[in-house]
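First comes the structure, then the notes that go with it.
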Ligand code: MG
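Here it is in C-alpha cells:
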C-alpha cells in the first residue's frame, strides 16, 4: 500500500532529509587518501547525535552501522572498515536518519584523490541518471517512466543498471511501497500522485549488471569485479512537480 503524505508531513520530511544530506556532504569533504570508512562512520554518528536525529540504518534488520560504505566494486550495503582509502578509489556513501517521526535517505559516490577517466564517467553518468529519473516524478506520470529514463540514459553511456536492488517509498518507515526499479518500460507501473515520496536510487555498474551478496550477509558487489556507483535522493511528488527533499 502506498502511503500518501500531506503537505504538513512533507514539511516534516524536509527536516529529516536536510539532516541526511547535510551530514553526507560533510562526509564528502572528509574523503581523501588515508582516511578510513570507520573514521567517516564516527563522524556520521557524532553529527547525527548533534542534530538530535537517529541513524536509520544502524540496527535495521541487524545492520551494524549508521553509514553504508561501498568502495569500488561494492554496490551497496558495505560496512565501515579500518582500511585507509587510497587515491584512485571511488566510494559510495548511503546514509539515512529518522527525525520527528520521518525518515530521510540519500546517497552519493565520491572520488578519492585522482581517479580514472572511466571511474569519473561512471560517477557522472550515475548522478545524471538520477536527475533524469527525478524529472519524471510528476503527477499523471507512471512509476516506470522514472525507471525507464534512468535505464535508457545509463545504457546509452555503456553502463548497466543493477536489477537486484531498487529504490522505495519512504516516510514513517524507511522502506515503503512502491518499489522503484531503475529499469522498466515507460507508461507502466502505478500512476504517480501528489503526496508520494520516493527514494530514487540508481545503482550503476561499469560492466555487467550482475551482483552477489558476500558471506557477511550484507555487502553487495559486482560479480565481475567492475566498479559500481550509487546516488540517491528522497523526492516528493507535488502538484508543481518533483521536489528533491534531500537537497540543501
Ligand atoms: Mg534507500
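Residue numbers (our numbering): 157 to 404.
A virtual CB, placed ideally from N, CA and C, is assigned to each residue, including glycine.
By the three-class DSSP mapping on this structure, what secondary structure does residue 226 have? Mapped onto the chain shown, residue 226 falls at position 70. The answer is strand: DSSP assigns residue 226 an E or B state.
Residue environment, residue 316, which counts as buried when at least 16 other CB atoms sit within 10 Å: Translated into positions along the chain shown, residue 316 becomes position 160. By the neighbour-count rule (16 or more Cβ atoms within 10 Å), residue 316 is buried.
Do residue 197 and residue 162 come within 8 angstroms of each other at the CB atom, strictly closer than that value? Here residue 162 refers to the residue found at position 6 when the chain shown is read from its first residue. Here residue 197 refers to the residue found at position 41 when the chain shown is read from its first residue. Against a cut-off of 8 angstroms, the Cβ pair of residue 197 and residue 162 comes out as no contact.
Since I believe residue 281 is in contact with residue 313 (beta carbons under 8 angstroms), could you give me their beta-carbon distance rounded to a whole number of angstroms? As a working note, residue 313 is residue 157 in the chain shown. As a working note, residue 281 is residue 125 in the chain shown. Going by Cβ atoms, the distance from residue 313 to residue 281 rounds to 5 angstroms, so yes, they are a contact pair.
By the DSSP assignment, the alpha helix (DSSP H) with residue 304 in it spans what residues? Along the chain shown, one-based indexing puts residue 304 at 148. That run of the alpha helix (DSSP H) goes 299-312.
Proximity to residue 320 [Cα-Cα], best of 297, 187, 233 and 204: Position 164 of the chain shown, counted from the first residue, corresponds to residue 320. Comparing Cα-Cα distances from residue 320 to each of 297, 187, 233 and 204, the minimum goes to 233.
Please classify residue 333: is it buried, with 16 or more other beta-carbons within 10 angstroms of its beta-carbon, or exposed? By one-based count along the chain shown, residue 333 stands at place 177. Classification for residue 333: exposed.
Taking just the CA atoms, how far does residue 304 sit from residue 285? Within the chain shown, residue 285 is the residue found at index 129, counting from 1. Within the chain shown, residue 304 is the residue found at index 148, counting from 1. Those two C-alpha atoms are separated by around 10 angstroms.
Does any residue of chain D have a CB that is nearer than 8 angstroms to the CB of residue 286? In the structure shown, chain D does not exist; there is a single protein chain.
Tell me the start and end of each unbroken beta strand (DSSP E) in the stretch 186-227 that is at least 3 residues and wholly inside, in chain order. 223-227
Bridge-paired residues (DSSP) for residue 353: Translated into the one-based positions of the chain shown, residue 353 becomes position 197. 392, per the DSSP bridge assignment.
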